[in-house]
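Trainee:
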Amino acid sequence: MIVRNYYFIALVYGTTLLALSCGNDKEKVTHKTDIESKEFKEKLVDANKIYVKKESDEIDQYVKHKGWEMITTGSGLRYMITQKGKGAVPQTEQTVRLNFNVKLLDGTLCYSSDSTGVYEFIVDKSSVETGLHEGVKYLHVGDKATFILPSHLAYGLIGDEKKIPGRASVLYELELLSVK
Numbered sequence: 469m470i471v472r473n474y475y476f477i478a479l480v481y482g483t484t485l486l487a488l489s490c491g492n493d494k495e496k497v498t499h500k501t502d503i504e505s506k507e508f509k510e511k512l513v514d515a516n517k518i519y520v521k522k523e524s525d526e527i528d529q530y531v532k533h534k535g536w537e538m539i540t541t542g543s544g545l546r547y548m549i550t551q552k553g554k555g556a557v558p559q560t561e562q563t564v565r566l567n568f569n570v571k572l573l574d575g576t577l578c579y580s581s582d583s584t585g586v587y588e589f590i591v592d593k594s595s596v597e598t599g600l601h602e603g604v605k606y607l608h609v610g611d612k613a614t615f616i617l618p619s620h621l622a623y624g625l626i627g628d629e630k631k632i633p634g635r636a637s638v639l640y641e642l643e644l645l646s647v648k
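Using the working numbering, read the sequence shown as starting at 469 and increasing by one per residue.
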């Protein structure tokens, strides 16, 4: 009887040690995976910072070459008002209507309201380029403006899978027609 109790106690003790040691290995593996994941994310962020800086420098060179004086926002959007209007300024959740041309920086015309019609969207709600949501809030109805959207504010890594390639900066020439 004592021998059976001894084996039972040894079995329980051994199982407990085994379970605890497995738990520690799992924590080590999880911790190692967390460190590797964090390092990967840091490398990815660093690579993107380098790309954003390079793209920003290219846009700055383009603007300088054109002789334009553009305002650069904190997000990287460049814009300039080419004709002043006197109407209302768009606010979040208002619908705006625009005449527009969308071009690549090499001058290739991708889209135009002449062929697709007036562009209409709800500010900060519709699924359009982030840079447009930001940019129209700097305009008054009647303004004509030029925007340059870096790729992260335009069509991103993939492009639109039609006329705008991935990682492309785009130039918008637009006129704010109305705000509702």
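Where is the CB? At the ideal position from N, CA and C, for every residue including glycine.
Taking the continuous beta strand (DSSP E) assigned at residue 604, which residues delimit it?
Mentor: For the purposes of this step, residue 604 is taken as the residue at position 136 of the sequence shown. Unbroken run through residue 604 is the alpha helix (DSSP H), 598-604; no beta strand (DSSP E).
Trainee: Please list the terminal residues of the continuous alpha helix (DSSP H) segment that includes residue 584.
Mentor: Here the question's residue 584 lines up with position 116 in the sequence shown. 581-584 is the span of the alpha helix (DSSP H), which, as asked, contains residue 584.
Trainee: Under a three-way DSSP split, which group does residue 551 fall into?
Mentor: Numbered from its first residue, the sequence shown carries residue 551 at position 83. Of the three classes helix, strand and coil, the one that applies to residue 551 here is strand, per DSSP.
Trainee: Between residue 618 and chain B, is there a C-beta pair that is closer than 8 Å?
Mentor: The question asks about chain B, but that chain is absent: this structure has only one protein chain.
Trainee: Helix, strand or coil: how does DSSP classify residue 647 here?
Mentor: If you number the sequence shown from 1, residue 647 lands on position 179. If DSSP states are grouped into helix, strand and coil, residue 647 belongs with the strands.
Trainee: For residue 587, report the span of its beta strand (DSSP E) as first-last.
Mentor: Sequence index remark: in the sequence shown, residue 587 carries index 119 (1-based). It spans 587-590 - the beta strand (DSSP E) in which residue 587 sits, taken as one unbroken run.
Trainee: Pop quiz: residue 420 and residue 599 are said to be a contact at Cβ under 8 Å. What is the actual Cβ separation, rounded to whole angstroms?
Mentor: Within the shown structure, residues of the chain are numbered from 469 to 648, placing residue 420 beyond reach of any answer.
Trainee: Distance, Cα to Cα, residue 643 vs residue 613?
Mentor: Counted from its first residue, the sequence shown places residue 643 at position 175. Counted from its first residue, the sequence shown places residue 613 at position 145. So the alpha carbons of these two residues sit roughly 6 Å apart.
Trainee: When you compare the CB positions of residue 539 and residue 547, do they come within less than 8 Å of one another, or not?
Mentor: Within the sequence shown, numbered from 1, the residue matching residue 539 stands at position 71. Within the sequence shown, numbered from 1, the residue matching residue 547 stands at position 79. Yes; because the gap between Cβ atoms is below 8 Å, this pair is in contact.
Trainee: With a CB to CB cut of under 8 Å and the five nearest residues on each side skipped, what residues in its chain are close to residue 581?
Mentor: Against the sequence shown, residue 581 aligns to sequence position 113. Cβ neighbours of residue 581 beyond the five flanking positions: 566, 567, 568, 569, 587.
Trainee: Under 8 Å by Cβ, that's how I've got residue 609 and residue 638 pegged, so tell me the actual separation to the nearest angstrom.
Mentor: In the sequence shown, residue 609 corresponds to position 141, counting from 1. In the sequence shown, residue 638 corresponds to position 170, counting from 1. That belief does not hold up - the Cβ atoms of residue 609 and residue 638 are roughly 23 Å apart, past 8 Å.
Trainee: By Cβ distance below 7 Å, which residues in the same chain neighbour residue 606 in space, the five residues on each side in sequence not counted?
Mentor: The count along the sequence shown starts at 1 and reaches residue 606 at position 138. So the qualifying residues of the chain are 547.
Trainee: For residue 444, which of helix, strand or coil comes out of DSSP?
Mentor: Here the chain covers residues 469 to 648 and nothing more, so residue 444 does not appear.
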